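A.B. asks:
Residue numbers (UniProt numbering): 1 to 263.
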C-alpha cells in the first residue's frame, strides 16, 4: 500500500463553493504533502487520470455556511456604519448641550441683572428658536438610529437562526468530507476557509491511505472537526502502523513461500 503512491485527480467542483479546480488542486497538493513529508516514500501524487477522484459536492452544509457568511459580512458593514452614525450623533448632541448650557448661563446672568435689554432679549429668543429646531432634528435622528438598531438586531437574529440550522445539519451530517472507498472517491462538503479545506482534504486522504481515526483531538485523523493543520504524533504512528504493518505481513508471506516442508 505504501510502496506505490496513490494517485488522485480533481473531479467536479460546484461553482457555488467559490473555488476553482486549480485552487482545489493546490489545496490537495498541500494536504497530500502532510503525509508525503511524514514517510520515506511518496504516498500521494497528483495525476490527471488518478485513481482517486476529489469532488466538491454542494449541499445544505455549504448552503448554510454561505448564508451565514453573507449575513455576517452584511452585519459587519451595518455595525461599522451604525458605529459611525452613533459617534456623529454623540458629537452633535454634545455640541447642542454645550450651546444650550451657554444660552442658559446667559439667560441666568441677565436675570440676575434684572432682565436683558431689548436687543439682547431678541437675540436670546432667536437662539432659543434655533436650539429648539436643533433639538427636534436631533430627536428625529435619534429615532432613525433606534430604527436602524432594531433592524440590525433583526439581522442578528437571522444569523443566529442560520447558525442554529447549520448546527442541526451538522448533527445529522457531521462530515466536512468523506472518502468513499468502494468508489475511490473523496467528496468535500464544506469550504469555510483554506486552512479548514486543507485539513478536511488531509483527513480524507488519510482514510484513502488506509488510516482510521485516532483518539487525540489535536490530530488530523480525529473524527471530529478541529483546527489542526499538521500531523500529530498519533497521526504519524497510525500511518507507520498501516505502512509498516503491511510490510511485516508481506515479509511473513515471503518467508512462508520459501520454506520447504518435509512430510
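In this text, a Cβ means the ideal position worked out from N, Cα and C, and glycines have one as well. These numbers come from a predicted model, not from an experiment.
Counting pairs of Cβ atoms below 8 Å between the region 173–186 and the region 108–124, do you hit three or more?
C.D. replies: Contact fails: fewer than three Cβ-Cβ distances are below 8 Å.
A.B. asks: Count the CB pairs spanning the region 229–243 and the region 24–37 that are closer than 8 Å, and state whether there are at least three.
C.D. replies: Contact between the region 229–243 and the region 24–37 is present, because at least three Cβ pairs lie under 8 Å.
A.B. asks: For residue 239, which of helix, strand or coil comes out of DSSP?
C.D. replies: Here residue 239 sits in helix by DSSP.
A.B. asks: Please report the residue range of the beta strand (DSSP E) in which residue 185 lies.
C.D. replies: Looking at the DSSP string, the run of the beta strand (DSSP E) that includes residue 185 is 185–188.
A.B. asks: Count the other CB atoms within 10 Å of the CB of residue 47; is the residue buried (16 or more) or exposed (fewer)?
C.D. replies: Label assigned to residue 47: exposed.
A.B. asks: Check residue 221 in the structure and name its three-state DSSP category.
C.D. replies: It is coil, neither helix nor strand.
A.B. asks: What does residue 55 pair with, by DSSP beta-bridge criteria?
C.D. replies: Answer is 187.
A.B. asks: Since residue 82 and residue 28 are thought to touch, with beta carbons under 8 Å apart, how far apart are those beta carbons, to the nearest angstrom?
C.D. replies: So it is not a contact: roughly 42 Å between Cβ atoms.
A.B. asks: I'd like to check one pair, residue 142 with residue 89: are the Cβ atoms closer than 8 Å?
C.D. replies: Yes.
A.B. asks: With distances taken from CA atoms, which of 25, 135, 210 is nearest residue 93?
C.D. replies: The shortest C-alpha separation from residue 93 is found at 135.
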